[in-house]
Structure formats: structure tokens, C-alpha cells
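See below for the structure under consideration.
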Amino acid sequence: MIPLEAIQTAAERLRLADAAVRTPLMRLPVDDERAEISLKLENLQPIGSFKLRGAGNALARAGREALAKGVYTASAGNMAQGVAWNARRLGLPCSVVVPDHAPATKLAAIERLGARVIKVPFERWWAVIVTGEYEGLDGLFIHPVNNADVMAGNGTIGLEILEDLPNVDAVAIPYGGGGLSCGIASALRALKPETRIYAVEVETAAPLAASLRAGEPVEVDYEPSFVDGIGGKSVLPEIWPLARELLDGSLVVSLDETRAAIRLLAERGRVIAEGAGAAPVAAALAGLAGGGKVVCVVSGGNIDSGVLADILAESD
Numbered sequence: 360m361i362p363l364e365a366i367q368t369a370a371e372r373l374r375l376a377d378a379a380v381r382t383p384l385m386r387l388p389v390d391d392e393r394a395e396i397s398l399k400l401e402n403l404q405p406i407g408s409f410k411l412r413g414a415g416n417a418l419a420r421a422g423r424e425a426l427a428k429g430v431y432t433a434s435a436g437n438m439a440q441g442v443a444w445n446a447r448r449l450g451l452p453c454s455v456v457v458p459d460h461a462p463a464t465k466l467a468a469i470e471r472l473g474a475r476v477i478k479v480p481f482e483r484w485w486a487v488i489v490t491g492e493y494e495g496l497d498g499l500f501i502h503p504v505n506n507a508d509v510m511a512g513n514g515t516i517g518l519e520i521l522e523d524l525p526n527v528d529a530v531a532i533p534y535g536g537g538g539l540s541c542g543i544a545s546a547l548r549a550l551k552p553e554t555r556i557y558a559v560e561v562e563t564a565a566p567l568a569a570s571l572r573a574g575e576p577v578e579v580d581y582e583p584s585f586v587d588g589i590g591g592k593s594v595l596p597e598i599w600p601l602a603r604e605l606l607d608g609s610l611v612v613s614l615d616e617t618r619a620a621i622r623l624l625a626e627r628g629r630v631i632a633e634g635a636g637a638a639p640v641a642a643a644l645a646g647l648a649g650g651g652k653v654v655c656v657v658s659g660g661n662i663d664s665g666v667l668a669d670i671l672a673e674s675d
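Numbering-wise, this note's numbering comes out as the position in the sequence shown, counting from 1, plus 359.
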């Protein structure tokens, strides 16, 4: 569990550096007898993703000496933008290792921010996530998930949720590597432990759900899809104890449910969400998060315009 003091300090650090936006909590305009659904709109961050928080806190904590040769990370797009945005702000060189299925909109954003993109096959990319290193790159590696400073930065979202909705009953959070859900859960468990906290995965890549059923980390088949911001082959060993302790379970949604949530967010809420950001909404609309006041963390809005157009053109 990330200490509450570390999360609170991260919030103050990000505020003083003007390194992240305090995003709004918006009620989703739908009639649902089971739940009152609200959206934590991290898609409104300057890079369109929550990753700005963790990256900003980690770089601020690293110190000048550690950053002397620049930074690099491994990411399908959003953490890459978070690290690149903060690196540019600090005048640091930045490289990013991305999987070969990373969407064009995210790759273009990384390059606009001045970072060097290194595209590799998914298996090689996942190996960087697991080992925390990429041969041939100098600089400080900022792990996108199991970095305590990154998770503390992510946890600031939990503080804001409780400030805006103190009587929240449940929070649904996209689960990729677990850094977002475990960071938010650390804040919620410290301040309102009775809150139900759920990870959300998609059916094509749900290692946490499988691991929770098995009682230990297991590997699953991974199928690439338009939901590129979450999903992997396995639960990272360093994250497993945290996820098992802090989360009340994993809610698994289908790709069709996620597409429907993207359409509903755009049409009813005027919110543009990528697949990962819409997955918690899909889970809440299906009743998987239970009743009461449910907050869905819309983690990002970086979706290819062509993919979005195709989804919006579909009918439920």
C-alpha cells in the first residue's frame, strides 16, 4: 500500500509545479435505478491521460543527478506522453519503447512532445515492462506501473474523488499494469476503507481476473484490440500483493460493451474516451460495480479518430 503521506505530498508537488490538472467529477446523464454514475475525467489532462500525474511526481522525486542522461520508459502511448511532456518541461532527452500495435494518434503525440520512439514487437515490449530495462538506452528508466512515486502520483486521483464526493460507494478503475488502480486504492483505503474498489479489464486481456480466480499470478492469452491502454499477458509480480490486498475484484467487460460505452459517453456526456477510459463505464452500466454512488475513472481520451468514427457509426 502506498502511504497516504506520499500521495498527499505528491498532490502538493504536482500543484506547485503546475504539472497536472485537477480534473472535474461529472455526473453521467443516464437513468439508472441501480447506481448514480459519475465520471472522473482524466481525459482532460494536457496529454489526454492520467499518466501526467505519476510521471510528473516520479521525475520531480528523481533528482538532478539521476536525470543527467535523460529518461526513458516503455508504454503503449499514454505513459510515454506523460514522461515526454514532463521531460520537455524539464529540458531532458526522452526515449520511449512502444509495442508494434501502438495507435498512430499516440505515436504522433509522443513525437510532437520531442521524444524518440523505438517500436518493437509486443513480446519484446512486454519484456521491458517485466525487467525494467532496454539494452542500449541510457538515462533513468521510469517504470509505467511498479514505481512507488508513479503510484503516489496516480493516487492523487483518489484524494480528489473523496474531496468532490465524500460519500462515494464504489470506484471502477481501468487495469493495465495495476499502477493506477493500486495508487487510487491506497488513498481510498486510508481515508474511506469501506469504499468498494474494482479493477476493470476487457475480455481479450484480463490477467488480474484470472489470477484472482487462481489465487496466484497466471499468464493469459493476449489479443490486441482497439482497447490498447489496458491489458497484458500477466500480473506483474511486484503488483500482485498490492492488487490482492487493495482491490475488491476485477470486472471484465466485452469489446462490444466498451464500444457502446464510448458511444454513450460521446453522445450523452460529450466526453471522448479511449477504450481503456470507457471500460469502467461499461462495467458500471452493466451493474457490475453495484449500486449507490459509483465513480468511473475515465483514464484517457487518446483514441485514433478513425477508430472513434467507426465506433460512433455503429448501432447498439
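Quick reminder that beta carbons are idealized off the backbone N, C-alpha and C, glycines included. As the structure is a computational prediction, the values presented were derived from the model and not from experiment.
Cβ shell of Ile520 (< 7 angstroms), same chain only, five flanking positions each side left out
Leu384, Lys399, Val527, Val530 and Val654
Any idea which residues DSSP pairs Gly659 with across the strands?
Gly659 is bridged by DSSP to Ser408.
Since Met385 is in the beta strand (DSSP E), which residue starts that stretch and which ends it?
Leu384 to Arg386
Taking Glu626 as part of the alpha helix (DSSP H), name the residues at either end of that continuous run.
Leu614 to Gly628
When you compare only the Cα positions, how much space is there between Ile406 and Asn437?
8 angstroms
So, helix, strand or coil for Tyr434, using DSSP?
The sequence shown places Ser at residue 434, not Tyr. Reduced to three states, the DSSP call for Ser434 is coil.
Under three-state DSSP, which class holds Phe585?
coil
Counted within 10 angstroms of its Cβ, other Cβ atoms place Pro676 as buried (16 or more) or exposed
This structure cannot speak to residue 676, because the chain is shown only from 360 to 675.
How many angstroms separate the CA atom of Ile361 from the CA atom of Val656?
19 angstroms
Who are Ile396's beta bridge partners in DSSP?
Val653
For the alpha helix (DSSP H) containing Ile361, list its first residue and its last residue.
Note, Ile361: premise wrong, no alpha helix (DSSP H); not H, not E.
Could you check if Asp587 is buried or exposed, using at least 16 other CB atoms within 10 Å of its CB as the buried criterion?
buried
Spatial distance of Asp615 from Ile621 (CA atoms):
Each residue's Cα considered, the two are about 10 angstroms apart.
Measuring only the C-alpha atoms, how far is Gly574 from Pro388?
38 angstroms
Whole beta strand (DSSP E) runs in the stretch 542-576 with 3 or more residues, listed along the chain?
555-561
Is the beta carbon of Ser681 less than 9 angstroms from the beta carbon of Glu673?
No answer is possible for residue 681: it lies beyond the span of the chain, which begins at 360 and ends at 675.
Within the stretch 465-540, ranges of the alpha helix (DSSP H) (whole runs, at least 4 residues)
481-490 and 507-523
Three-state secondary structure assigned by DSSP to Pro639:
helix
Leu499 vs Gln367 beta-carbon contact at 9 angstroms:
no
Ser454 - DSSP class collapsed to helix/strand/coil:
Here Ser454 sits in strand by DSSP.
Between the Cα of Leu595 and those of Ile488, Arg381 and Glu364, spot the shortest distance and give me the residue it belongs to.
Among Ile488, Arg381 and Glu364, the Cα nearest to that of Leu595 belongs to Ile488.
Which class does Ser664 belong to by DSSP, given the choice of helix, strand or coil?
In the structure shown, the three-state DSSP call for Ser664 is helix.
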